[in-house]
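Q: Read top to bottom, the protein sequences are chains A and B.
Position in the first sequence (first residue = 1) + 5 = this note's numbering.
Position in the second sequence (first residue = 1) + 12 = this note's numbering.
Just so it is clear, CB atoms sit at the ideal spot from N, CA and C, and this is done for glycine as well.
As the structure is a computational prediction, the values presented were derived from the model and not from experiment.
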Amino acid sequence: MNVSIEHYLILSAILFVIGAYGIIARKNLIIVLMSLELMLNSANLAFVAFSRALGDMTGHVFMIMSITVAAAEVAVGLALLVSIYSHRETLDIDVLKILKG
Amino acid sequence: MIVWIVLFPLIGAVINGLLFASGLWKKALGGDEHTENSITNIIGCGAVLISAIISTYYFVQLLSLDPSERQIIQELFVWIPSGEFTVSFEFLFDTLSCVMALIITWIGFLIHIYSIGYMHHDKAYAKYFTYLNIFVFFMLILVLGNNFPLMFVGWEGVGLASFLLIGFWYEDTEKAYAGRKAFIVNRIGDFGFILGIFLIFFIFGSVNYQEVFGMALDASFMSAVPAAVITAIGLLLFVGAVGKSAQIPLYVWLPDAMAGPTPVSALIHAATMVTAGAYMMARCNVFYSQSPTAQMIVVSIAAFTALLAASIALTQNDIKKVLAYSTVSQLGYMFMAIGVGAYAAGLFHLVTHAFFKALLFLGSGSVIHVLSGEQDIRKMGGLRKLIPITAITFLVGTLAIAGVPFLSGFFSKDEILAALYDRGYTIHWIIALITVVLTALYMLRVYLLTFEGKTRVSDSIKRYIHESPYTMTIPLMVLAALSILGGYIGVPDFMGKVVGLHDTNLFEHFVSSSILIDNAKEVGHHLFGHWALVGFSIGGAALGIIIAFYFYYIKPSAPEKVAKDIEPLYEASLNKWYVDELYDYIFVQPFSYISRKASDFDIHYIDGSVNGIANIVKEMALTLQTAQTGVIRSYATLMAIGAAVILILIVLL
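1. Give a yes or no on whether 8 angstroms exceeds the smallest Cβ distance from B:VAL643 to chain A.
2. Are B:LEU432 and B:LEU419 touching if we call contact CB-CB under 8 angstroms?
3. I need the boundaries of the beta strand (DSSP E) containing B:VAL99, first residue and last residue.
4. Does the stretch 251–266 of chain B touch the stretch 186–204 of chain B, meaning 3 or more C-beta pairs lie closer than 8 angstroms?
5. Which of the three DSSP states is assigned to B:GLY157 in this structure?
6. Alpha helix (DSSP H) containing B:PRO580: first to last residue?
7. In the DSSP assignment, the alpha helix (DSSP H) including B:ILE313 goes from what residue to what residue?
8. In the stretch 22–37 of chain A, which residues sit with their C-beta less than 7 angstroms from some C-beta in chain B, listed in chain order?
9. Counting only C-beta atoms, is B:GLN640 closer than 8 angstroms to chain D at any point?
10. So for B:ASN517, helix, strand or coil by DSSP?
11. Quick one, which of B:ILE116, B:TYR437, B:GLY436 and B:PHE368 has its alpha-carbon nearest B:PHE423's?
12. Leaving out the 5 sequence neighbours to the left and right, which residues in its chain are closer than 6 angstroms to B:ALA336 when beta-carbon positions are compared?
13. Can you name the start and end residues of the alpha helix (DSSP H) that B:GLU593 belongs to?
14. Can you pull the DSSP bridge partners for B:VAL90?
15. Please go through the same chain and pick out, in chain order, the residues whose beta-carbon is closer than 7 angstroms to the beta-carbon of B:ASN28, but skip the five residues on each side of it.
16. For B:PHE406, tell me which candidate among B:ALA430, B:LEU372 and B:PHE103 has the shortest Cα-Cα distance.
17. Can you list the residues of chain A that B:THR649 reaches, using a CB-CB cut of under 8 angstroms?
18. Does DSSP put A:ASN7 in a helix, a strand or coil?
19. Give the interface partners of B:ALA652 over in chain A, defined as CB-CB distance under 7 angstroms, in chain order.
20. Among B:LYS332, B:ALA315 and B:VAL382, which residue has its Cα nearest to the Cα of B:ALA349?
21. Note the first and the last residue of the continuous alpha helix (DSSP H) segment covering B:HIS478.
22. Bridge partners for B:ASP330 per DSSP, in chain order?
23. Looking at chain B, which residues of the stretch 68–102 of chain A have a Cβ within less than 9 angstroms of any of its Cβ atoms?
24. Name, please, each residue of chain B whose Cβ falls closer than 8 angstroms to the Cβ of A:LEU129.
25. Please classify B:GLN83: does DSSP put it in a helix, a strand, or coil?
26. Quick one: what's got a C-beta closer than 6 angstroms to B:HIS440's C-beta in the same chain, skipping five residues either side?
27. Can the beta-carbon of B:PRO304 be found closer than 8 angstroms to that of B:MET131?
28. Leaving out five residues before and five after B:VAL251 in sequence, what residues of the same chain have Cβ atoms less than 7 angstroms from its Cβ?
29. Hey, is the stretch 151–161 of chain B in contact with the stretch 278–292 of chain B, meaning 3+ C-beta pairs nearer than 8 angstroms?
30. Given a cut-off of 8 angstroms on the beta-carbon distance, is the pair B:ILE501 and B:LEU518 in contact?
31. What number of angstroms, rounded off, separates the C-alpha of B:GLN328 from the C-alpha of B:TRP91?
32. How big is the Cα-Cα spacing for B:ASP592 and B:GLY42?
33. Among B:LEU659, B:VAL657, B:ILE662 and B:ALA652, which one has its Cα closest to the Cα of A:ILE23?
34. Using three-state DSSP, classify B:ASP134 as helix, strand or coil.
35. If you measure between the beta carbons of B:SER34 and B:THR117, is that distance less than 8 angstroms?
36. For A:ILE10, tell me which candidate among A:SER88, A:ARG57 and A:THR73 has the shortest Cα-Cα distance.
Shown next, in the form of structure tokens:
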């Protein structure tokens, strides 16, 4: 079977929606962070797919960039989680709502 | 350097103000109050003394000059350069400002010395001397400035100093109000004064004395200026003088100004500041001499003021109030003289009045001091034996103001009366003559009730009565000497000839170089000669003195009976002809009514609309606030929905 760009994009969309659902539905902050990663990677997949289909290397470059930034983001995000947990002893985002107006 | 006359009091004020009144000295160096007060004294009095000595030095300089060029001008810098309008910061020391400067500095110095004793117990001692020096500084600016704006600076400055000193004991609300009243009433006069300055600049294109008066004397220039304009200038300046020198209708602040310490009343509200109006009008003699209409109005208002104030002084029971109304009345004399063009006579009375009125005020201050604040003459009496120096000096002042022959007030008052009669103002002359009788009467009344007869002082106070300290009695004695001898600088020429003293009136001759238009020409023929006029004024004074003696010494029950016989008149005089009440009804009440309404409008409509808008925004914000739940999931949901909606819209459109 010939794998065309549509397949990649459909997979990317599925991953994105799963990630979005995870962020909306899950309460644990670690899961939320993981869902966020999933959404980022779905976008990366779309980049690469477009890059291949169009024969342009720009998409590749962007993807590499994005992964690098995502790695840094995870490092910072997890560090924040650790410190939130040490302060509040919970990672339930329904409890962590001190930003309520 | 003329400027040093002005600067020394300022330096004194700055040192006393920054070092002592601010409490800096005490904080930095500690030390006891006694040392501190001694230094304050030396600086405060010393500054004025140095000014006085420099003024005297320049007075001697003036005398050595030729009479026609007796003026020293010192320009410091250009103060306001603005196109055609340039004002220099320059001082003029001519015979007119010389007379004023000598009065201000020397009498000011005596009163500073007196204050050492009088204010001895006051806790704001340094502040008092600071204010007093500030007053002297501004007063000297007023009289020594060589243009109208500079005079106006001094004019406002003395108003400020007067306000500060009237309300010196501001813890007493009534005294603070008195200060405010003086300030506000003076503003009305200042408004007229500054309009007059504008008009002078508009017509003459300058505000410098020499330039303005030079043009006003130029016949070809004046022929192009309508007479009404000169009258308007004269009257606008007179409005300023009416405010500062307490004439009808703006005299009401002066009696209230007695709330200040007594030396202040003597210096500011008797000897110097209130005579600023007379000085200013004598300075502007060119305008008045060229406008008979303005002269007529000035003389009439002045005559009416003199009579009205004297009639009020007759029944007042507060010793300082009597003196205050007496000051208003005497200022009326000065303005009568200036109004008829007898500027030298007006200034002469200004000088002698400064002597005897300062003496009377300081004397009354001494009485108040020894009675620990009592001012009601009904509660005095028989004090002559207890405080003889005060009593004798007060008597000298009383006789001088009453116009007893050979004392200073006699010569000056007589000259004014003669000027009025000689120039055909017969009605005004009669009013002035009646006022002479009243003056002698009310002043003798005060003296007799205070110092003679049986004492009405309560025994508890009487035990502590002792003569005031030397710092107070020495100025009294000096001023008493001046009140006796001061008149001999201006003996009228016809009297001088008889005695063989000197042929001309020395004072008149001295100031004549500053009086640019001398319209002393005598009008028409006269029924009475010089000596007859002198006889009239002596007779008037004698009549007043005799009545006073009968009423308050020989038959003390008589005044009560007379008061009952003419009760409406007595009541009216006692209540100051209800002028304060009238002003309250005509001006103050409507004004405060309008103010209240304006305030209501402000609160309800202007503030209301502003607050309304703010409230609307606040309500909206509170409503929108509910969207901020703080739950991340709901934010994410909303974001996802929003993104989806945008995508759908992009796809569909």
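A: Judging by the given coordinates:
1. Along the second sequence, one-based indexing puts residue 643 of chain B at 631. Yes, contact with chain A.
2. Within the second sequence, the letter at position 420 stands for residue 432 of chain B. Within the second sequence, the letter at position 407 stands for residue 419 of chain B. The answer is no: Cβ separation not under 8 angstroms.
3. If you number the second sequence from 1, residue 99 of chain B lands on position 87. Going by DSSP, B:VAL99 is part of the beta strand (DSSP E) stretching over 97–106.
4. yes
5. As a first step, residue 157 of chain B is located in the second sequence; it is residue number 145 there, counting from the start. In the structure shown, B:GLY157 sits in a strand (DSSP, three-state: E or B).
6. Within the second sequence, residue 580 of chain B is the residue found at index 568, counting from 1. First-last of the alpha helix (DSSP H) with B:PRO580: 579–586.
7. As a working note, residue 313 of chain B is residue 301 in the second sequence. Annotation for B:ILE313: the continuous alpha helix (DSSP H) segment containing it runs 304–325.
8. Taking 7 angstroms as the Cβ-Cβ cut-off against chain B, the residues of the stretch 22–37 of chain A that qualify are ALA25, ILE28 and ILE29.
9. Protein chains A and B are contained in the structure displayed, whereas chain D is not.
10. Counted from its first residue, the second sequence places residue 517 of chain B at position 505. Coil.
11. As a position in the second sequence, residue 423 of chain B is number 411, starting the count at 1. Of the candidates B:ILE116, B:TYR437, B:GLY436 and B:PHE368, the one whose C-alpha sits nearest the C-alpha of B:PHE423 is B:PHE368.
12. Within the second sequence, the letter at position 324 stands for residue 336 of chain B. Here the set comprises LEU266, PRO267 and MET270.
13. Translated into the one-based positions of the second sequence, residue 593 of chain B becomes position 581. Element bounds for B:GLU593: 591–595.
14. As a first step, residue 90 of chain B must be located in the second sequence, where it is residue number 78. Paired residue(s): B:SER100.
15. The residue given as residue 28 of chain B occupies position 16 in the second sequence. Counting only Cβ-Cβ distances below 7 angstroms, and skipping sequence neighbours, we find THR52, ILE55, GLY56, ALA138, PHE141, THR142 and ASN145.
16. Taking the first residue of the second sequence as position 1, residue 406 of chain B is located at position 394. The shortest Cα separation from B:PHE406 among B:ALA430, B:LEU372 and B:PHE103 belongs to B:LEU372.
17. For this step, residue 649 of chain B is matched to residue 637 along the second sequence. The answer, in chain order, is ILE29.
18. Residue 7 of chain A sits at position 2 when you count from the first residue of the first sequence. Note: A:ASN7 maps to coil in three-state DSSP.
19. Here residue 652 of chain B corresponds to residue number 640 of the second sequence, with the count starting at 1. Within chain A, the residues near B:ALA652 are ALA25 and ILE29.
20. In the second sequence, counting from the first residue as 1, residue 349 of chain B sits at position 337. Relative to the Cα of B:ALA349, the nearest Cα in the group B:LYS332, B:ALA315 and B:VAL382 belongs to B:ALA315.
21. Against the second sequence, residue 478 of chain B aligns to sequence position 466. Taken as a continuous stretch (DSSP letters only), B:HIS478 belongs to no alpha helix (DSSP H), as it is neither H nor E.
22. Position 318 of the second sequence, counted from the first residue, corresponds to residue 330 of chain B. B:ASP330 is bridged to B:ASP388.
23. ILE98, ASP99, LEU101 and LYS102
24. Since the first residue shown for chain A is 6 and the last is 106, residue 129 of chain A is missing from the structure and cannot be characterised.
25. Walking along the second sequence from the start, residue 83 of chain B turns up at place 71. B:GLN83: strand per DSSP, three-state reduction.
26. As a first step, residue 440 of chain B is located in the second sequence; it is residue number 428 there, counting from the start. Within the same chain, B:HIS440 has close Cβ partners VAL311, ALA315 and LEU432.
27. As a working note, residue 304 of chain B is residue 292 in the second sequence. As a working note, residue 131 of chain B is residue 119 in the second sequence. Not a contact, by the Cβ cut-off of 8 angstroms.
28. By 1-based counting over the second sequence, the position of residue 251 of chain B is 239. Correct list, in chain order: GLY201, GLY204 and PHE205.
29. yes
30. By 1-based counting over the second sequence, the position of residue 501 of chain B is 489. By 1-based counting over the second sequence, the position of residue 518 of chain B is 506. Cβ distance < 8 angstroms, so B:ILE501 and B:LEU518 count as in contact.
31. Reading the second sequence from its first residue, position 316 is the one you call residue 328 of chain B. Reading the second sequence from its first residue, position 79 is the one you call residue 91 of chain B. Distance between the alpha carbons of B:GLN328 and B:TRP91 is about 47 angstroms.
32. As a working note, residue 592 of chain B is residue 580 in the second sequence. As a working note, residue 42 of chain B is residue 30 in the second sequence. Going by the C-alpha atoms only, they are around 48 angstroms apart.
33. For the purposes of this step, residue 23 of chain A is taken as the residue at position 18 of the first sequence. The option with the nearest alpha carbon to A:ILE23 is B:ALA652.
34. As a position in the second sequence, residue 134 of chain B is number 122, starting the count at 1. Three-state DSSP puts B:ASP134 in coil, outside helix and strand.
35. What you label residue 34 of chain B is simply residue 22 of the second sequence in a count that begins at 1. What you label residue 117 of chain B is simply residue 105 of the second sequence in a count that begins at 1. Cβ atoms of B:SER34 and B:THR117: not closer than 8 angstroms.
36. Taking the first residue of the first sequence as position 1, residue 10 of chain A is located at position 5. When each option's Cα is compared against that of A:ILE10, the closest is A:ARG57.
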